[in-house]
Amino acid sequence: MDLSSASSQLNNSWVQKNNLVQRRKLKNQLFIIGALGITGLLLLVLFSILAILLINGLSGLSLFTLSHMTAPQGIKGGLLNPILGSLFQTGLAIFLAIPIGVLAGIFLAEYGNTRMVSLVRFISDMLMSAPSILVGLFIYTVIVIYLGYSAFAGICALAILAIPLIVRTTEDTLRLIPTTISEAGFALGAPKWKVIIFVCLPIAKGGIMTGILLAISRIAGEAAPLLFTSLGNSDWSWNIFAPMTSLPLIIYQYADSADDQWVQLAWTAALLITMAVLCLNIVAKSYLEKGLKNKRK
Amino acid sequence: MTNVKKNIDINRKASSSSWFNGLVWISSFLILFIFIGLILKLLWGSQQAFATFGIEFLTRAIWNPVTQQYGAVSAVLGTLVTSLIGIVIAIPLAFGSAYALSEIIPIRISRIVTPIIQLLAAVPSIIFGMWGFFFIVPLMARYVQPFLKHNFGHIPILSALFSGPPFGVGLFTGGLILAVMITPFIAAVMQNAFQNTPVLLKESAYSLGATKWEIMRYVTLAWSKKAVLGGIILGWGRALGETMAITFVIGNANKIGWSLFAPSNTISSLIALEFPESATGSLKMSSLMGLGVILMVISFLALFCSRYLLRQSERKLRGN
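Chains as they are written, first to last, in the numbering used here: chain P, 1 to 297; chain A, 298 to 617.
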């Protein structure tokens with residue numbers, strides 16, 4: 001074997017290696033560009049949703065819309081009763097859910113690691129992701145059958161959806177608290193309930209607040225569990241045992257109707273509910289972030 | 298010494314007031330009761346349907362309120378097909394964005410972009426329904442379906458999938474909207490898992506000369522595959538029960554066919570559309586409850602699997 005053939009062989013293998021490196025680099029670049037493209041696409045989707053809502057919804061947003069009740073077809077109506085209905089039902093549902101959710105969260109975080117605790121945690125997790133329409137069916141069979149369609153039934157359905165979220169965030173934040181702090185409380189002779197209420201809960205306040213805000217933002221946009229519980233109402237009444245409408249329900253009823261005015265109202269309602277939900281979400285998340293930063297300090 | 302201990306015990310018993318414990322236990326039991334009640338009540342409500350049609354309820358392809366004949370197949374198929382289309386589209390979307398935001402984009406930018414993408418998860422499902430109805434459906438009817446039909450219409454199997462008049466509604470549109478809705482959930486789980494991969498492993502691969510993609514493919518994905526799978530199944534579970542968005546774009550027809558563009562139904566859309574207009578105690582209501590039971594079984598199974606996988610990966614993380 002002479003020198004030249006050896007050198008050409010070496011050269012060949014070097015070229016091959018170089019090819020391989022180039023192929024790997026190319027593959028790497030393709031995947032990176034793909035990933036960046038997908039991220040851009042998702043942002044585009046979000047902005048397209050917001051843009052469509054703004055374009056179609058803003059034109060119907062006026063003082064008249066906010067101050068008048070829904071009206072029969074042909075008469076100009078507003079969104080006052082759905083707005084009130086959303087506030088009323090979401091508010092009461094969250095008031096129902098807060099004590100239950102926080103107490104159950106305390107149970108999961110502070111009552112050891114018994115079988116009962118893991119069972120409740122497991123079931124709460126299952127409920128958190130359970131299809132919301134099943135909750136509607138459940139409330140129909142236990143409340144609507146006996147009391148009729150009512151805001152009360154809707155409130156119960158929404159509360160069931162909110163409880164697991166509050167449970168989860170309460171447990172998570174309580175678990176972050178160093179045990180030395182509650183031990184200090186115990187060392188001073190405080191009973192468990194005092195330590196939990198006066199030591200742990202004040203520290204966990206921020207996290208629990210975040211959970212509550214996230215729960216509000218989730219149930220405020222729900223329509224599926226309300227379809228056959230609070231049903232919808234073209235009028236307003238403060239009676240909790242009468243049917244009541246809400247923004248998501250009015251969107252569902254109006255969006256695919258043939259009446260242009262109703263479609264316009266559906267867009268405005270969609271804009272209102274989306275903005276409210278997104279703002280709540282942003283506030284909740286920034287609250288959480290601030291809390292974490294304080295903890296790190 | 299024993300005296301002191303005894304004293305402490307007495308003290309604790311006297312002061313760890315039972316009212317607080319009582320409230321805590323009642324709230325926890327309430328959650329159990331809600332869950333058990335939900336299962337029992339749906340089973341109870343569907344009794345009539347299963348008594349009338351027997352187990353065949355699961356295999357009958359009829360849904361006819363006029364002749365009082367009900368079967369679950371078309372709705373169950375609709376649910377499975379839309380959610381599978383959704384998950385197939387959502388996996389690359391979620392993976393791409395999780396990859397970009399955890400490994401490629403500088404942390405200062407990704408800290409801003411991540412919450413923006415997560416906002417997609419907060420948009421109410423009925424808004425996705427409207428978006429789909431007024432934006433995606435016309436797009437499908439005017440451009441996508443004619444394009445697919447024109448280009449793939451002569452290939453045997455694909456032609457069946459793309460057949461039918463271009464309404465724009467149907468299984469594919471439903472799946473597409475589901476994909477957008479569940480992507481942020483899957484992406485959040487994936488991103489978390491990618492960021493939790495030990496840096497040492499990645500660095501050792503870098504030192505061997507691996508490219509960024511090779512590290513993702515052979516190190517990060519390998520390390521976090523359980524969490525990734527758990528996230529995907531979690532997204533699938535969400536897609537199964539999604540109601541309002543689907544109801545707007547599914548077209549509401551109880552037919553079984555090969556076409557992905559024909560109007561169809563899912564379990565949840567059928568319940569949402571027909572439950573309010575069925576009489577209490579009727580066979581129709583009972584059949585709808587039966588559908589609810591099927592949905593409950595499928596989605597709880599999915600959630601159970603995803604929880605199991607995510608727990609395992611959490612344990613692995615703690616072990617490290």
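From the three backbone atoms N, C-alpha and C, an ideal C-beta is built for every residue, glycine too.
TODO: Run the CB neighbour count on residue 180 (chain P), radius 10 Å, all protein chains shown included, and call it buried at 16 or more, exposed below.
DONE: Exposed, because fewer than 16 other Cβ atoms sit within 10 Å of the Cβ of residue 180 (chain P).
- [ ] Scan the region 318-389 of chain A and note each continuous alpha helix (DSSP H) run of 4 residues or more that stays entirely inside, going in chain order.
- [x] Annotation note: the region 318-389 of chain A contains the following uninterrupted alpha helix (DSSP H) runs of length 4 or greater, listed N- to C-terminal: 344-350.
Open item on the list: For residue 331 (chain A), tell me which candidate among P:123, P:234 and P:84 has the shortest Cα-Cα distance.
Closed with: Out of P:123, P:234 and P:84, P:123 has the C-alpha closest to the C-alpha of residue 331 (chain A).
Task: Presumed contact (8 Å Cβ cut-off) between residue 487 (chain A) and residue 525 (chain A), rounded CB distance - done: Contact between residue 487 (chain A) and residue 525 (chain A) holds, with the beta-carbon distance rounding to 6 Å and staying under 8 Å.
- [ ] Determine whether the Cβ of residue 442 (chain A) lies closer than 9 Å to any Cβ atom of chain P.
- [x] Chain P, which has no Cβ nearer than 9 Å to the Cβ of residue 442 (chain A), makes this no.
Task: Selection from P:156, P:43, P:55 and P:104 that minimises the alpha carbon distance to residue 397 (chain A) - done: When each option's Cα is compared against that of residue 397 (chain A), the closest is P:43.
TODO: For residue 230 (chain P), decide whether its Cβ has a neighbour in chain A, counting only Cβ atoms nearer than 9 Å.
DONE: Among the CB atoms of chain A, none fall inside 9 Å of the CB of residue 230 (chain P).
Open item on the list: According to DSSP, simplified to helix, strand and coil, what is residue 275 (chain P)?
Closed with: It is helical.
Task: residue 230 (chain P) versus residue 406 (chain A) - alpha carbon distance - done: When rounded, the distance between both Cα atoms is 44 Å.
Open item on the list: Between which residues of its own chain and residue 140 (chain P) is the CB-CB distance below 7 Å, once the five residues before and five after are set aside?
Closed with: Contacts found: 228 and 229.
Task: 9 Å Cβ cutoff, residue 331 (chain A) in contact with chain P - done: With 9 Å as the cut-off, residue 331 (chain A) counts as an interface residue toward chain P.
Task: Start and end residues, alpha helix (DSSP H) containing residue 200 (chain P) - done: Unbroken run through residue 200 (chain P): none, as it is neither H nor E.
TODO: Compute the Euclidean distance between the alpha carbons of residue 423 (chain A) and residue 320 (chain A), then round it to the nearest angstrom.
DONE: Linking residue 423 (chain A) to residue 320 (chain A) through their CA atoms gives a straight-line distance of about 36 Å.
TODO: Return the bridge partner residues of residue 548 (chain A) from the DSSP annotation.
DONE: Paired residues: A:561.
Open item on the list: Quick check on residue 244 (chain P): does DSSP put it in helix, strand or coil?
Closed with: Per DSSP, reduced to three states, the secondary structure at residue 244 (chain P) is strand.
TODO: Using the Cα positions of residue 125 (chain P) and residue 105 (chain P), report the straight-line distance between them to the nearest angstrom.
DONE: Within the model, the alpha-carbon separation for residue 125 (chain P) versus residue 105 (chain P) is close to 12 Å.
Open item on the list: Quick check on the burial criterion: 16 or more other C-beta atoms within 10 angstroms. Buried or exposed for residue 266 (chain P)?
Closed with: Counting Cβ neighbours within 10 Å, residue 266 (chain P) comes out buried, since at least 16 surround it.
Open item on the list: Need the endpoints of the alpha helix (DSSP H) that residue 609 (chain A) sits in, please.
Closed with: That run of the alpha helix (DSSP H) goes 580-616.
Open item on the list: If the cut-off is 7 Å on Cβ atoms, which residues from the region 28-44 of chain P count as contacting chain A, listed in chain order?
Closed with: Result list: 28, 31, 32, 34, 35, 36, 38, 39, 42 and 43.
- [ ] State the DSSP-derived secondary structure class of residue 231 (chain P), mapped to helix, strand or coil.
- [x] DSSP places residue 231 (chain P) in strand when its eight states are reduced to three.
- [ ] List in chain order: all unbroken alpha helix (DSSP H) runs of 4+ residues lying wholly within the region 498-535 of chain A.
- [x] Counting only runs of 4 or more, we get 509-512.
Open item on the list: Looking at the secondary structure, which residues open and close the alpha helix (DSSP H) in which residue 447 (chain A) lies?
Closed with: For residue 447 (chain A), the enclosing alpha helix (DSSP H) has its first and last residue at 442-449.
- [ ] Using 10 angstroms around the beta-carbon of residue 113 (chain P), count the other beta-carbons present and answer buried if the total reaches 16, otherwise exposed.
- [x] By the neighbour-count criterion, in which 16 or more other beta carbons inside 10 Å mark a residue as buried, residue 113 (chain P) falls on the exposed side.
Open item on the list: Quick check on residue 178 (chain P): buried or exposed, where buried means 16 or more other Cβ atoms within 10 Å of its Cβ?
Closed with: By the Cβ-count criterion, residue 178 (chain P) is exposed, with fewer than 16 other Cβ atoms from all chains shown falling within 10 Å of its own Cβ.
Task: Whole-number beta carbon distance between residue 203 (chain P) and residue 169 (chain P), since they are thought to touch under 8 Å - done: Not quite, the Cβ-Cβ distance comes to about 14 Å (not below 8 Å), so this is no contact.
- [ ] Taking a Cβ distance cut-off of 8 Å, strictly less, list which residues of the region 500-529 of chain A are near chain P, in chain order.
- [x] Residues of the region 500-529 of chain A that bring their beta carbon within less than 8 Å of a beta carbon in chain P comprise 508, 509, 510, 511 and 513, in sequence order.
Task: C-alpha distance - residue 248 (chain P) paired with residue 118 (chain P), whole-angstrom precision - done: Here the alpha carbon of residue 248 (chain P) sits roughly 35 Å from the alpha carbon of residue 118 (chain P).
Open item on the list: Against chain A, with Cβ distances strictly below 9 Å, would residue 131 (chain P) count as a contact?
Closed with: Interface residue, yes.
Task: Contained alpha helix (DSSP H) runs [length at least 4] in the region 448-484 of chain A, N- to C-terminal order - done: Qualifying alpha helix (DSSP H) stretches, in chain order: 453-458.
Task: Interface residues of the region 237-252 of chain P facing chain A [CB-CB below 8 Å] - done: If the cut-off is 8 Å between Cβ atoms, the region 237-252 of chain P has 248, 251 and 252 near chain A.
Open item on the list: Would you say residue 602 (chain A) lies against chain P (beta-carbon separation less than 9 Å)?
Closed with: With respect to chain P, the C-beta atom of residue 602 (chain A) has no partner C-beta closer than 9 Å.
- [ ] Output the distance between the C-alpha atoms of residue 360 (chain A) and residue 367 (chain A), rounded to the nearest integer angstrom.
- [x] One C-alpha to the other measures close to 4 Å.
- [ ] Would you mind telling me which residues of chain P sit closer than 8 Å to residue 413 (chain A), beta carbon to beta carbon, in chain order?
- [x] Residues of chain P whose Cβ lies closer than 8 Å to the Cβ of residue 413 (chain A) are, in chain order, 43 and 46.
- [ ] May I have the straight-line CA-CA distance separating residue 158 (chain P) from residue 601 (chain A), to the nearest angstrom?
- [x] Taking the straight line from one Cα to the other gives about 23 Å.
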